[in-house]
Amino acid sequence: MRAIHQAAVDYVNVISCNGEEPVVFDQVAKFSWNGQVFGLLDRQQGITKPRQIPTAISIRTTFTRPGANPPYSDKIGVDGLVRYKYKGTDPNNFSNSALRATMDHKLPIVWFFGIDSGTYLPIAPVYVVGDEPGNLQFSVAFEHRDSMPCSDLDLDTRSYNDRIVSQRLHQPIFRQQVMRAYSTQCAVCQLRIPKLLDAAHILPDSHPKGRPIVANGLSLCKIHHAGYDENIIGIRPDLIIEVKPDILKTRDGPMLLHGIKEFHGSSITVPRNPRERPEPSRLEERFWSFRNAV
Ligand SMILES: [Zn+2]
673 MRAIHQAAVD YVNVISCNGE EPVVFDQVAK FSWNGQVFGL LDRQQGITKP
723 RQIPTAISIR TTFTRPGANP PYSDKIGVDG LVRYKYKGTD PNNFSNSALR
773 ATMDHKLPIV WFFGIDSGTY LPIAPVYVVG DEPGNLQFSV AFEHRDSMPC
823 SDLDLDTRSY NDRIVSQRLH QPIFRQQVMR AYSTQCAVCQ LRIPKLLDAA
873 HILPDSHPKG RPIVANGLSL CKIHHAGYDE NIIGIRPDLI IEVKPDILKT
923 RDGPMLLHGI KEFHGSSITV PRNPRERPEP SRLEERFWSF RNAV
């Protein structure tokens, strides 16, 4: 059984370049191992259990359109681990029992995170490490460990868990959501080469409002991302780009002229969906740091 679970994890990591590229439903509905075909992602169920084994092999969080309420709320507990809601309210229904069996056998599974209709970012391996029937949920970790009561966790462990959840879950999903919202192009120069694009934070991770959500994001190419972070370019709340005055006065080659100075006074390109556009209050707060740095 462990070999089947591991084969599922390996399969999704190969087709998604280790979780960096999104996959569509048809690519991950099934996978083959040892001449047999196993279900990997079900169209109807959030928890998928292949018919040949007693354990669940994947969990799914469905895509929610910006502004809509998610059907399931996957939350972070005080221990820094992510929660995955039971199917329904019966702890012993078929799906919940299969996921609990995965936990009992300490098996790796795949988490499919919906980033668009029928499109998922697979994160694997993840492990179900705790069962909380009182709250109708499981806790999920990105490496195997035995669950421990929250009261036994020291601050270092919690902050380690927070960091891992951010690296493994929030940042990759944030990137995909920002790329989709901006049609995979730089908001400043419209460059469309994915490998040269970053999902930049408007207010940084360390800021209390620096959450990894599209309204706090900008799709920027590497040069404009670095320029934004280093306060060489600023973006006003009315979406106009400003270049630092001393840079504007500097003479250099074509990169500085065409890549930076010529954008002074022009507007960034924002997502079509108003809910996905940069939030003016965040831009404004960030723009003050640019102004103060000038
Ligand atoms: Zn750019």
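Position 163 of the sequence shown, counted from 1, bears residue number 835 in our numbering, the numbering being contiguous throughout.
Every residue, glycine too, gets a C-beta built ideally from N, C-alpha and C.
| Item | Value |
| --- | --- |
| C-alpha distance - ARG674 paired with LEU779, whole-angstrom precision | 6 Å |
| Beta carbon of PHE785 nearer than 8 Å to that of VAL798 | no |
| Closest Cα partner of PRO738 within the set THR727, ARG852, PRO880, LEU892 | ARG852 |
| Backbone CA spacing between LEU808 and ASN690 [nearest angstrom] | 30 Å |
| Cutoff 6 Å; reference GLU948; Cβ partners in own chain excluding five residues on either side | PRO738, ALA853, VAL886 |
| CB of GLN857 within 8 Å of CB of THR941, strictly | yes |
| Strand pairing of ALA613, partner residues [DSSP] | No information on residue 613 is available, as it lies outside the stretch 673 to 966 that the chain covers here. |
| Distance CB(LEU793)-CB(PRO694) smaller than 8 Å | yes |
| Beta-carbon proximity of LEU753 to VAL812, cut-off 8 Å | yes |
| C-alpha distance - SER769 paired with PRO946, whole-angstrom precision | 41 Å |
| Those residues which DSSP pairs with PRO794 across a bridge | PHE784 |
| Residues that ALA646 bridges to, as DSSP identifies them | The question about residue 646 has no answer here: the residues shown for the chain are numbered 673 through 966. |
| Between the CA atoms of ARG840 and ILE912 - distance to the nearest angstrom | 33 Å |
| The segment 859-872 contacting the segment 889-905, beta-carbon criterion three pairs below 8 Å | yes |
| Among ASP714, PHE735, PRO917, the one whose alpha carbon lies nearest that of ALA983 | Lying before the first or after the last residue shown, residue 983 is absent from the chain, which here runs from 673 to 966. |
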